[in-house]
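Each residue of the sequence shown is one higher than the one before, counting from 5 in our numbering.
Cβ coordinates follow ideal geometry from the N, Cα and C atoms, glycine included.
Bear in mind that the values here come from a model prediction, so they are computed numbers and not experimental data.
Right, one structure below, let's go through it.
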Amino acid sequence: MERQYYLPHSPIEFHFRQSPRDFVVDEIPLYPFSGEGEHLVLHVRKKNLSTWQMVDIFSNHLGIKGRDIGYAGLKDKNAQTKQYISLPRKYEEALERFEHEGIKILSKTYHNNKIRVGHLKGNRFFIRLKKVTPVAASKISEALRMIKLHGMPNYFGFQRFGLDGENYKKGSAILAGTLKEKNKKLAQFYVNAYQSYLFNDWLSRRIEISKLVDAFSVQELSSIVSLPKEECEAMKEQKHPFKLIHGDVMMHYPYGRLFHYVDATEPERFRSRDISVSGLLSGKRATRAEGLAGEIEKNYDTITSGIDGARRYGWIFPEEVEGEYKEQEAWYELHFTLPKGSYATVLIEEIAKRAIQTDEYQE
């Protein structure tokens, strides 16, 4: 379905293009490195390179396999990004001769373990929007205030779906057995894109329901959203713009155990950022929503074999959100921190109230 945005303003016009000058990412490690051990940890800065391309460059220089190089997460290609990678300490001397125009080694240390995917706390972003009028700047500032107050939906960004946005169709075909992909890594990428597509559609539907709850009376809602009057009354009382439904799978925030929403106190805990709602990454094994929330979720739960399922935060709370309008240059500059697995471009799209994918994107 068409993506739903929760902010109430009309679309905002500005120019956004991912580039090393206007899109900067700084990875935040999950834990401090020990300073000792058999793994060399490099803090690197890259420009106009994907993480995979950077790993290939290091592996070719050192004559090792790419899987020997550890990284916590994939970073955007058309950006200036800083992240941590690890490799066996015995290759430290060979790195003294390393030079590449798109990569700079900022510092090094040591650690007992290899860096694994997911071993990061989050990312700090700097983004510059251009061609911003004073009226647009005022609307952006108000949008940022709302995001600071309420958080934002945790959609998968357009990067997940490829240049044409069609990768999820290949994933669906692979699971159905109508498409064969010999490259296992690529096949997994396509199937994950299909999971992401289903998640985004579920999240859009839930935001749509939440907006309807705010717009209509309880009497009108029962027929519009096909939910019992008692549930509509419970949602109507919730102060957060994303309305919880009994049976939702909640997660302690920013990490922690899963549990189902049954207690009347959960909406207030959600509003205070103690917990957050989760969405399903459809697959063989995952905790499912129950009751009324489960009835909605099952429409987006179509993967029964071929891949494991999981839960993902449906709503996140950006931190250290700052914005500054530079009227003379017609720029609006943003600084914010997102938890791991979340997309800065989704925040920009929520502000813009429109898709911001550009022809420059490549991964």
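Extent of the continuous alpha helix (DSSP H) run through residue i
i    : result
L46  : Segment H43 to K51 is the beta strand (DSSP E) holding L46; no alpha helix (DSSP H) there.
D218 : K188 to A219
S145 : P138 to H154
E224 : V222 to I228
K240 : K233 to E241
G126 : It is not in any alpha helix (DSSP H) - G126 instead sits in the beta strand (DSSP E) that spans L124 to L133.
A297 : G295 to E301
G101 : For the sequence presented, residue 101 should be read as Arg rather than Gly. Counting along the chain, R101 falls outside any alpha helix (DSSP H), and DSSP gives it neither H nor E.
Residue burial classification, residue i (beta-carbon count within 10 angstroms, cutoff 16)
i    : result
V45  : buried
T55  : buried
Q332 : exposed
Y35  : exposed
S176 : buried
R132 : buried
K174 : buried
T349 : buried
L110 : exposed
E42  : exposed
V229 : buried
E31  : buried
A83  : buried
V139 : exposed
N171 : buried
E234 : exposed
V59  : buried
Contacts around residue i, its chain only, beta-carbon distance under 8 Å, and the 5 residues preceding and following it disregarded
i    : result
P15  : A356, K357 and R358
R315 : V253, M255, L262, S282, G283, L284, L285, A290 and T291
D72  : S63, L91 and P92
CB of residue i within 9 Å of CB of residue j, strictly
i    : j    : result
F387 : N204 : Outside the shown range of the chain (5 to 367) lies residue 387, about which nothing can therefore be said.
F246 : Y10  : yes
G74  : S90  : yes
K79  : V29  : yes
K86  : R49  : yes
G327 : L338 : yes
L284 : W206 : yes
M156 : I320 : yes
E354 : A147 : yes
A268 : A238 : yes
S214 : H115 : no
G260 : N158 : no
L231 : D305 : no
K189 : F20  : no
Residues near residue i by beta carbon distance below 6 Å, same chain, minus five either side
i    : result
F340 : F129, P322 and V325
I311 : V195 and G287
K152 : V325
R347 : The sequence given here has Tyr at residue 347, not Arg. Taken in chain order, the residues that qualify are G161.
Q242 : P271
Y365 : Confidence at Y365 is low in this model, with a pLDDT of 35, below 50, so the placement of that residue is unreliable and no value is reported for it.
Q8   : S208, I211 and E212
V136 : F18, A334 and Y336
A76  : I119, H123 and L124
F102 : H65
R273 : I279
H154 : P245
Y329 : A141 and Y336
Span of the beta strand (DSSP E), counted from its first residue to its last, around residue i
i    : result
K173 : Premise fails: K173 lies in the alpha helix (DSSP H), N171 to A180, not in any beta strand (DSSP E).
S90  : Q84 to P92
E328 : E323 to K330
S280 : I279 to L285
L338 : W335 to P343
P33  : F27 to P33
I107 : I107 to H115
M254 : V253 to H256
L262 : L262 to H264
Nonlocal neighbours in the same chain, by C-beta distance under 7 Å from residue i, ignoring five residues either side
i    : result
D363 : With a pLDDT of only 30 at D363, under 50, the local geometry of the prediction cannot be trusted, and no value is derived from it.
K143 : H13 and I16
R289 : D312 and G313
E96  : L44
G191 : Contrary to the premise, residue 191 reads as Ala rather than Gly in this sequence. Cβ within range, chain order: I178 and E185.
E367 : Interpretation of E367 is limited by its pLDDT of 32, a score under 50 that renders its predicted location unreliable; the figure taken from the coordinates is listed afterwards. Taken in chain order, the residues that qualify are S54, K81 and Q163.
P258 : P343
G106 : K50, K51, N52 and L53
M5   : D205, S208 and R209
H104 : I61
E301 : W206, L284, R292 and A293
L4   : In this structure the chain extends from 5 to 367, so residue 4 is not present and cannot be described.
Residue i at chain B interface by Cβ criterion, 9 Å
i   : result
A83 : No chain B is present in this structure, which holds just one protein chain.
Near the ligand GTP: residue i beta-carbon under 8 Å from a heavy atom
i    : result
Y172 : Absence of the ligand GTP is noted for the structure shown, with no ligands found whatsoever.
contact_flag[the stretch 188-199, the stretch 214-234] where n(CB pairs < 8 Å) is 3 or more: no
Could you say if the stretch 296-307 and the stretch 246-260 meet the contact criterion of at least three C-beta pairs nearer than 8 Å? yes
Would you check if there are 3 or more beta carbon pairs closer than 8 Å linking the stretch 166-180 to the stretch 110-127? no
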